[in-house]
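The numbering of the sequence shown is the numbering used here, which starts it at 11 and goes up by one.
Below is one structure; the comments refer to it alone.
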Amino acid sequence: MAKNNRIQMFPHEWRASTTLSGVYALRMLGMFLVLPVLAVYATGLPGAENNKALIGLAMGVYGLTQALLQLPLGMASDRFGRKKVIYFGLIVFAAGSFLAAAADSLAMLVIARALQGAGAVSAAVTALLADLTRNEVRTRAMSMIGLSIGLTFSVSLVAAPVMADWIGVNGLFALTGVLTLISIAVVAWLTPNPQDSKLHEDAQAQPARMREVLKDRQLLRLDLGIFILHASQMALFTALPFAMNQLGLEKIQHWKVYLPATITGLVVMVPLIIIGETRNKLKQVFVSGIVCIALAQIGLLFGLDSVWLITAYLTVYFIGFNVLEASLPSMVSKIAPSDLKGTAMGVYNTMQSVGLFAGGICGGILFQHYGFNGVFAFCSSLMLLWLIVAVCAPAPKPVKNLMYPVPPQWAGRADALYRALSAVAGIESIAFSQDRQTVYIKALQKGFDLAAAEKIISGD
Numbered sequence: 011m012a013k014n015n016r017i018q019m020f021p022h023e024w025r026a027s028t029t030l031s032g033v034y035a036l037r038m039l040g041m042f043l044v045l046p047v048l049a050v051y052a053t054g055l056p057g058a059e060n061n062k063a064l065i066g067l068a069m070g071v072y073g074l075t076q077a078l079l080q081l082p083l084g085m086a087s088d089r090f091g092r093k094k095v096i097y098f099g100l101i102v103f104a105a106g107s108f109l110a111a112a113a114d115s116l117a118m119l120v121i122a123r124a125l126q127g128a129g130a131v132s133a134a135v136t137a138l139l140a141d142l143t144r145n146e147v148r149t150r151a152m153s154m155i156g157l158s159i160g161l162t163f164s165v166s167l168v169a170a171p172v173m174a175d176w177i178g179v180n181g182l183f184a185l186t187g188v189l190t191l192i193s194i195a196v197v198a199w200l201t202p203n204p205q206d207s208k209l210h211e212d213a214q215a216q217p218a219r220m221r222e223v224l225k226d227r228q229l230l231r232l233d234l235g236i237f238i239l240h241a242s243q244m245a246l247f248t249a250l251p252f253a254m255n256q257l258g259l260e261k262i263q264h265w266k267v268y269l270p271a272t273i274t275g276l277v278v279m280v281p282l283i284i285i286g287e288t289r290n291k292l293k294q295v296f297v298s299g300i301v302c303i304a305l306a307q308i309g310l311l312f313g314l315d316s317v318w319l320i321t322a323y324l325t326v327y328f329i330g331f332n333v334l335e336a337s338l339p340s341m342v343s344k345i346a347p348s349d350l351k352g353t354a355m356g357v358y359n360t361m362q363s364v365g366l367f368a369g370g371i372c373g374g375i376l377f378q379h380y381g382f383n384g385v386f387a388f389c390s391s392l393m394l395l396w397l398i399v400a401v402c403a404p405a406p407k408p409v410k411n412l413m414y415p416v417p418p419q420w421a422g423r424a425d426a427l428y429r430a431l432s433a434v435a436g437i438e439s440i441a442f443s444q445d446r447q448t449v450y451i452k453a454l455q456k457g458f459d460l461a462a463a464e465k466i467i468s469g470d
């Protein structure tokens with residue numbers, strides 16, 4: 011049996027991975043593109059007079075509806091079909107985008123943003139990609155989605171101020187709606203149709219087993235972490251654009267701050283993640299990411315007097331942010347039982363969305379009543395709390411997850427295969443899919459006898 015890193019994607023797998031990554035990225039573009047300019051734009055709408063709390067709600071309310079609906083829509087895709095649910099979600103998201111473009115009051119913008127979040131197709135997209143890829147290449151396919159989201163976020167921060175000056179923020183919303191409609195056509199005509207749809211434990215949530223994930227303290231610490239990371243991010247963007255405006259940096263010029271900060275963050279993140287993964291230093295890298303964001307938020311609390319200082323603090327912030335965005339899913343994958351990875355990631359993604367909502371509403375209220383100091387004190391406190399939790403948490407074991415289809419010679423003999431694999435050096439845990447057609451192995455990165463495990467599975 012060939013090693014996973016030697017297995018090439020089939021053409022239909024490559025097409026599925028690229029098109030669905032594009033759909034995911036386009037939807038995220040609609041969220042990220044307005045992030046650095048929405049608060050300032052919302053201030054000029056009727057109903058925004060001395061109402062920063064409602065502006066914060068407009069910033070983060072999509073996270074609430076997304077958190078409420080992404081798992082139900084993922085389950086609906088099991089029953090009604092992946093593509094049908096994706097079409098529905100994208101149409102809802104496009105409708106929210108066009109409504110936001112036409113919004114003539116802050117209240118209408120809040121409703122539109124909530125409608126955007128209701129088009130929560132992430133779970134259905136992930137399930138469709140799992141249907142269209144083999145076990146051996148699925149991790150690679152999923153990583154393409156993660157990469158597309160990261161690049162979209164960085165590009166959006168830089169492009170948004172310039173594009174908003176050209177076509178206005180309402181133009182950004184309208185553009186998002188058009189791109190979303192195009193993505194529906196991409197899914198319909200370019201994304202392959204799955205021959206068979208089934209539950210993939212490594213990629214999809216299992217509501218019946220949610221309690222097992224919620225009882226795991228290590229996973230709960232990571233869920234708290236992603237909540238704090240995105241709550242502090244959304245709160246940051248409710249206030250920071252106003253600080254740069256007060257320093258004389260017009261909205262169209264904000265890219266001059268975001269560009270060096272995001273590029274530096276991406277460049278520095280890559281070697282840090284490599285060191286963390288290959289040298290069993292993931293916890294140290296993870297904690298350093300939290301420290302970077304905490305220092306940046308504390309710096310912003312005491313130093314909003316200079317554009318150069320803000321740029322420096324944001325550079326440190328994005329180093330930490332990118333490190334954490336890359337390492338958190340990896341840590342969830344290492345800690346979660348192999349047959350509950352999808353469920354663990356479902357809870358994780360939900361907490362991320364809840365964090366966006368909480369950060370928007372809290373950031374708006376604090377900004378209205380306590381100004382910049384209130385917002386950045388809130389963000390700093392959250393990060394220091396997370397730092398304490400992370401330092402006290404045990405380091406995840408240096409493991410990797412492997413999936414193999416169960417060959418015919420082992421059909422109906424899962425217990426025997428389990429016993430045989432249990433004798434292989436370096437295997438930490440073994441689990442089977444509900445249909446017993448896939449075996450999940452969590453093994454040590456060093457000391458694992460891969461050849462022996464593959465020989466057993468192949469029946470040689």
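Each residue gets a CB set at the ideal place from its N, CA and C atoms; glycine is no exception.
Quantities reported herein were computed from a predicted structural model and do not represent experimental measurements.
When the options are compared against residue i, the one with the closest alpha-carbon
i	options	result
Asp88	Ser207, Pro56, Leu189 and Ser27	Ser207
Val71	Gly370, Arg221, Gln214 and Asn203	Gly370
Gly340	Leu324, Ser363, Ala387 and Thr288	Before going further, note that residue 340 is Ser rather than Gly in the sequence given. Nearest C-alpha to Ser340: Thr288.
Pro418	Ile308, Ile121, Leu427 and Ile177	Leu427
Pro281	Phe296, Val267, Ala124 and Ser439	Phe296
Ile101	Ser164, Leu189, Phe458 and Gly73	Leu189
Asn145	Ser337, Lys225 and Pro415	Pro415
Asp476	Leu224, Leu239, Asp175 and Asp141	Given that the chain is displayed from residue 11 to residue 470, the structure contains no residue 476 and the question cannot be resolved.
Asp349	Met154, Leu209, Pro204 and Trp420	Leu209
Leu412	Arg148, Ala128, Ala421 and Val131	Arg148
Ser443	Asp459, Ala421 and Gln455	Ala421
Ile345	Leu366, Met254, Leu454 and Ile329	Leu454
Ala215	Gly352, Ser27 and Ala433	Gly352
Phe312	Gly381, His240 and Ser153	Gly381
Ala433	Ile466, Pro404 and Ser343	Ile466
Gln294	Leu338, Ser158, Leu310 and Asp459	Leu338
Leu116	Asn60, Arg429 and Met152	Asn60
Glu23	Arg123, Leu292, Met152 and Ile236	Met152
Phe42	Leu139, Gln18, Ala174 and Leu83	Ala174
8 Å CB neighbourhood of residue i in its chain, flanking five on each side removed
i	result
Leu200	Arg25 and Thr29
Leu234	Met361, Trp396 and Val399
Ser193	Gly32, Val33, Leu36, Arg37 and Leu100
Pro171	Pro46, Val47, Lys261, Ile262, Gln263, His264, Trp265 and Tyr268
Leu81	Ala133, Ala215, Pro217, Gly356 and Thr360
Asn15	In this prediction, Asn15 has a pLDDT of 46, which is less than 50 and means its spatial position is unreliable; nothing more can be read from the coordinates.
Met154	Ser27, Thr28 and Ser31
Rounded C-alpha distance that separates residue i from residue j
i	j	result
Arg423	Ala461	21 Å
Val196	Pro202	10 Å
Gly106	Leu431	51 Å
Gly457	Asn290	13 Å
Gly40	Asp425	48 Å
Ser439	Ile238	31 Å
Thr325	Gly258	20 Å
Leu394	Arg231	14 Å
Leu161	Cys402	32 Å
Ile300	Arg446	40 Å
Ser27	Pro251	35 Å
Leu376	Ile320	20 Å
Tyr97	Gly187	13 Å
Ala249	Ala49	8 Å
Lys225	Pro406	17 Å
One or two residues paired with residue i in a DSSP bridge
i	result
Thr448	Pro415
Val409	Leu454
Phe442	Val449
Ile437	Ala453
7 Å CB neighbourhood of residue i in its chain, flanking five on each side removed
i	result
Ala245	Gly369, Cys372, Gly373, Val385, Phe388 and Cys389
Leu119	Ala52, Leu55, Ala68, Ala110 and Ala113
Ala86	Val95
Lys410	Ala453 and Gln455
Leu305	Val326
Leu392	Ile238, Ala241 and Ser242
Leu314	Ala253, Ile320 and Phe382
Glu335	Gly160
Residues of its chain near residue i, where Cβ-Cβ distance is below 6 Å and the 5 sequence neighbours each way are ignored
i	result
Ala128	Thr75, Leu79 and Val102
Ala204	It is worth fixing the name first, because residue 204 is Pro in this sequence and not Ala. Answer for Pro204: Asp141 and Leu142, listed in chain order.
Lys13	Bear in mind that the predicted position of Lys13 carries a pLDDT of just 43, short of 50, making it too unreliable to give a figure here.
Ser363	Gly73, Gln76 and Ala77
Gly330	Gly299, Cys302 and Ile303
C-beta neighbour in chain B for residue i, strict 8 Å
i	result
Ala463	Of the chains in the structure shown, none is chain B; there is only one protein chain.
Self-check item: Segment contact, 8 Å Cβ cut-off, at least three pairs: the region 444-456 with the region 170-186
Solution: no
Practice problem: Take every Cβ of the region 130-147, pair it with every Cβ of the region 75-92, and state whether three or more of those distances are shorter than 8 Å. | Solution: yes
Quiz item: Are there three or more Cβ pairs, one per stretch, closer than 8 Å when the region 261-273 is compared with the region 158-171?
Solution: yes
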